[in-house]
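In my numbering, the protein residues as written are -7 to 282.
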């Protein structure tokens, strides 16, 4: 009940801070999404594939988020409520187009986003409550030689995080560079295994430029770099960093196709292996669908 109380108090604060404006408008199922997913954060809804050349494995992302309710208080202030569903899987084999899934992390929950526009900047507060669970899948079992058994030593573990997260992001234009910097704090109200630490911290940045390369079929071509850092206790506190650089075909805030290079260093991406450390270079693509 504590996390529900926290969420209710936050929403109440956001609403009360703006009810004084007479020009409030309500919109059911507003177009697009008010807060674009953080590009280098693994815990964001996206659709795409990341290929790891060192072992030919794939990280496959499937997910979506959607704004359900919108409140426009004036030209500068907006509040939205939305839902998020996503998962990413570790593919260790794909012969004859049959995917062998080793492990998967799933997420679902909701968000409240409050945005303020000022002096050509946009300040956004995103509150999320997310359920995260992790599982070994049949690929981990069937890749083991006879007699069949879990390939992962010890087999699957019951992994769960129910966490609330507050992220603060500032977006602005500096000459031809659109920049977003952000920082956030998360607290897990429920964890399994119990050795996992509850508080966590994250920060990062994204820089985009649409002027360095000419457009393609009258659509902008955007170069970008993004970095996301996370500090988590698993159980000892350590940092995880994910750096991306690539190109997007399409408007920054609209649908598009992205090709990128990735370098990941820190705690394993897949929570069934949370105690392992790794460094991975990858080549990937995603599809933006705001």
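Glycine residues also receive a C-beta, built at the ideal position from the N, C-alpha and C atoms.
Classification of residue i by the beta-carbon crowding that lies within 10 angstroms, buried from 16 upward
| i | result |
| --- | --- |
| residue 167 | exposed |
| residue 96 | buried |
| residue 24 | exposed |
| residue 240 | buried |
| residue 63 | buried |
| residue 216 | buried |
| residue 272 | buried |
| residue 47 | exposed |
| residue 71 | buried |
| residue 80 | buried |
Under the three-state DSSP convention, the category residue i falls into
| i | result |
| --- | --- |
| residue 238 | strand |
| residue 154 | strand |
| residue 254 | strand |
| residue 196 | strand |
| residue 224 | strand |
| residue 97 | strand |
| residue 265 | helix |
| residue 132 | helix |
| residue 146 | coil |
| residue 32 | coil |
| residue 277 | strand |
| residue 187 | coil |
| residue 245 | coil |
| residue 204 | coil |
| residue 26 | coil |
| residue 138 | coil |
| residue 21 | coil |
| residue 164 | strand |
| residue 260 | coil |
Of the listed residues the options, nearest to residue i (C-alpha basis)
| i | options | result |
| --- | --- | --- |
| residue 149 | 265, 277, 278, 21 | 265 |
| residue 37 | 244, 98, 219 | 98 |
| residue 59 | 175, 85, 29 | 29 |
| residue 242 | 233, 257, 207, 267 | 207 |
| residue 263 | 225, 44, 201, 102 | 225 |
| residue 196 | 130, 190, 234 | 234 |
| residue 160 | 151, 173, 169, 152 | 173 |
| residue 35 | 114, 47, 165, 124 | 124 |
| residue 223 | 103, 191, 135 | 191 |
| residue 144 | 107, 90, 186, 127 | 127 |
| residue 45 | 84, 221, 185 | 84 |
| residue 227 | 118, 183, 117 | 183 |
| residue 255 | 211, 220, 267 | 220 |
| residue 187 | 175, 151, 158 | 151 |
| residue 131 | 138, 91, 107 | 91 |
| residue 153 | 22, 189, 134, 204 | 189 |
Residue i and residue j closer than 8 Å at C-beta
| i | j | result |
| --- | --- | --- |
| residue 253 | residue 238 | yes |
| residue 31 | residue 156 | no |
| residue 26 | residue 105 | yes |
| residue 147 | residue 120 | no |
| residue 181 | residue 193 | no |
| residue 93 | residue 129 | yes |
| residue 33 | residue 68 | no |
| residue 56 | residue 73 | no |
| residue 259 | residue 232 | yes |
| residue 275 | residue 43 | yes |
| residue 201 | residue 179 | no |
| residue 51 | residue 82 | yes |
| residue 199 | residue 244 | no |
| residue 209 | residue 247 | no |
| residue 53 | residue 75 | no |
| residue 115 | residue 165 | no |
| residue 61 | residue 20 | yes |
| residue 66 | residue 15 | yes |
Unbroken stretches of the alpha helix (DSSP H), 4 residues or longer, contained in the segment 35 to 95:
Counting only runs of 4 or more, we get nothing.
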